[in-house]
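Visitor: For the record, in the sequence shown the residue sitting at position 148 is 130 according to this note's numbering, with numbers rising by one throughout.
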Amino acid sequence: PNGATYEISDNGINYYPSNTQIHIAENPTIFVEDNKLKLVAGYGFKGVWEADNLNGPWKMIFDNVANKSNMNPTDECPSIFSKNGFTYLIMGGTGYWMTEKNKNEFIDQAIKGIDIYDGLVYPMVSKTDDERLILGGWINGYGWGSIASHRELIQEENGILSMRWLPELSPNKNILTRIFS
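#1: By Cβ distance, which residues of its chain are closer than 6 Å to Lys18, with the 5 residues on each side in sequence left out?
#2: Assuming Thr11 and Pro60 are in contact, meaning their beta carbons sit under 8 Å apart, how far apart are those beta carbons, in whole angstroms?
#3: Return the first residue and the last residue of the beta strand (DSSP E) that Thr69 is part of.
#4: If you draw a straight line from the alpha carbon of Ile121 to that of Met106, how long is it in whole angstroms?
#5: For a test of the three-state rule: what should DSSP assign to Leu102, helix, strand or coil?
#6: Hey, how far is the Cα of Ile116 from the Cα of Leu135?
#7: With DSSP as the reference, please indicate the residues paired to Ala33 in a beta bridge.
#8: Give the secondary structure of Thr11 by DSSP, where H, G and I count as helix, E and B as strand, and everything else as coil.
#9: Which residue wins for smallest C-alpha separation from Glu138, given the options Gly(-6), Glu150, Leu148 and Gly67?
#10: Quick one: what's Glu138 bridged to in DSSP?
#11: Leaving aside the five residues before and after Trp38 along the sequence, list all residues of the same chain whose C-beta is less than 8 Å from its C-beta, in chain order.
#12: Quick one, which of Gly75, Arg133 and Ala7 has its alpha-carbon nearest Lys109's?
#13: Quick one: grab the DSSP three-state call for Pro153.
#14: Trp147: buried (16+ other C-beta within 10 angstroms of its C-beta) or exposed?
#15: Note down, in chain order, each residue of its chain lying with its Cβ closer than 8 Å to the Cβ of Glu113, except the 5 sequence neighbours on either side.
#16: Going by the beta-carbon positions, is the gap between Asp97 and Trp79 smaller than 7 Å?
#17: Considering only the beta carbon of each residue, do Val22 and Phe44 sit closer than 7 Å?
#18: For Ala(-14), which residues of its own chain have a beta-carbon under 6 Å away from its beta-carbon, when the five flanking residues on both sides are left out?
#19: On a CA-only basis, which of Leu71, Leu102, Leu151 and Ser51 is nearest Ser128? Give me that one, please.
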């Protein structure tokens, strides 16, 4: 359906539709911060919204930063995540922002030439139980839902992110050495 909705699971494996539309935006990102729900909305209704629960009411707390970028990102599929006091927002092919440590204002990093996309579109980041940041997205040019790629984001002391191949998905160097030597 058009708009934000969610699914429900009794066992964490099987899900069924809630049949409830909670916001007009399509494909938002929702997370909890300061005991409130935050909704980052791009496509359909831009901005960052806040509510006490899924049923709202949702109140806009600031306008979408994508409107303020010279890199012309689309406002689709925002991914927002935090680590060690820095908050990051990526979306729309070329949009990459981060805050200063323990601050709230997003600073456009892509316009500075800092880019973590590696040719990915609709990038999403998940934090693992051991605090690793895993970036996933579609390889640009092959269409939605085609070839997915994954990287691990590594945070520098100044908050800047770099990336590497996932060690668990990398070829075994011992086997490669025997094959190619």
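For each residue, glycine too, the CB sits at the ideal point set by N, CA and C.
Guide: Put simply:
#1: As a first step, residue 18 is located in the sequence shown; it is residue number 36 there, counting from the start. Only Glu32 meet the Cβ criterion.
#2: As a working note, residue 11 is residue 29 in the sequence shown. As a working note, residue 60 is residue 78 in the sequence shown. Yes, Thr11 and Pro60 are in contact; Cβ-Cβ is about 5 Å, under 8 Å.
#3: Here residue 69 corresponds to residue number 87 of the sequence shown, with the count starting at 1. Its beta strand (DSSP E) spans residues Phe68 to Met73.
#4: Residue 121 sits at position 139 when you count from the first residue of the sequence shown. Residue 106 sits at position 124 when you count from the first residue of the sequence shown. Cα to Cα, the separation comes out at about 13 Å.
#5: If you number the sequence shown from 1, residue 102 lands on position 120. The DSSP-derived three-state label of Leu102 is strand.
#6: For the purposes of this step, residue 116 is taken as residue 134 along the sequence shown, with counting starting at 1. For the purposes of this step, residue 135 is taken as residue 153 along the sequence shown, with counting starting at 1. Rounded to whole angstroms, Ile116 to Leu135 spans 6 Å at the Cα level.
#7: Counting from one through the sequence shown, the residue named residue 33 turns up at place 51. Answer by DSSP bridge pairing, in chain order: Leu19.
#8: What you label residue 11 is simply residue 29 of the sequence shown in a count that begins at 1. DSSP places Thr11 in strand when its eight states are reduced to three.
#9: Here the question's residue 138 lines up with position 156 in the sequence shown. Of Gly(-6), Glu150, Leu148 and Gly67, the residue nearest in Cα terms is Gly67.
#10: Stepping through the sequence shown from its first residue, residue 138 is reached at position 156. None, per the DSSP bridge assignment.
#11: Sequence index remark: in the sequence shown, residue 38 carries index 56 (1-based). Correcting the residue type first, residue 38 is Gly in the shown sequence and not Trp. Correct list, in chain order: Ile4 and His5.
#12: Taking the sequence shown and counting its residues from 1, one reaches residue 109 at position 127. Nearest neighbour of Lys109 by Cα position, chosen from Gly75, Arg133 and Ala7, turns out to be Arg133.
#13: As a first step, residue 153 must be located in the sequence shown, where it is residue number 171. Residue state, collapsed to three classes: coil.
#14: Reading the sequence shown from its first residue, position 165 is the one you call residue 147. With fewer than 16 other CB atoms across the displayed protein chains lying within 10 angstroms of its CB, Trp147 is exposed.
#15: The count along the sequence shown starts at 1 and reaches residue 113 at position 131. Lys65, listed in sequence order.
#16: Taking the sequence shown and counting its residues from 1, the one referred to as residue 97 is at position 115. Taking the sequence shown and counting its residues from 1, the one referred to as residue 79 is at position 97. The answer is no: Cβ separation not under 7 Å.
#17: If you number the sequence shown from 1, residue 22 lands on position 40. If you number the sequence shown from 1, residue 44 lands on position 62. Against a cut-off of 7 Å, the Cβ pair of Phe44 and Val22 comes out as no contact.
#18: On the sequence shown, residue -14 is found 4 positions in, with the first residue counted as 1. Counting only Cβ-Cβ distances below 6 Å, and skipping sequence neighbours, we find Ile4, His5, Ala7 and Pro10.
#19: The sequence position of residue 128 within the sequence shown is 146, counting from 1. Residue Leu102 is the option with its Cα nearest to Ser128.
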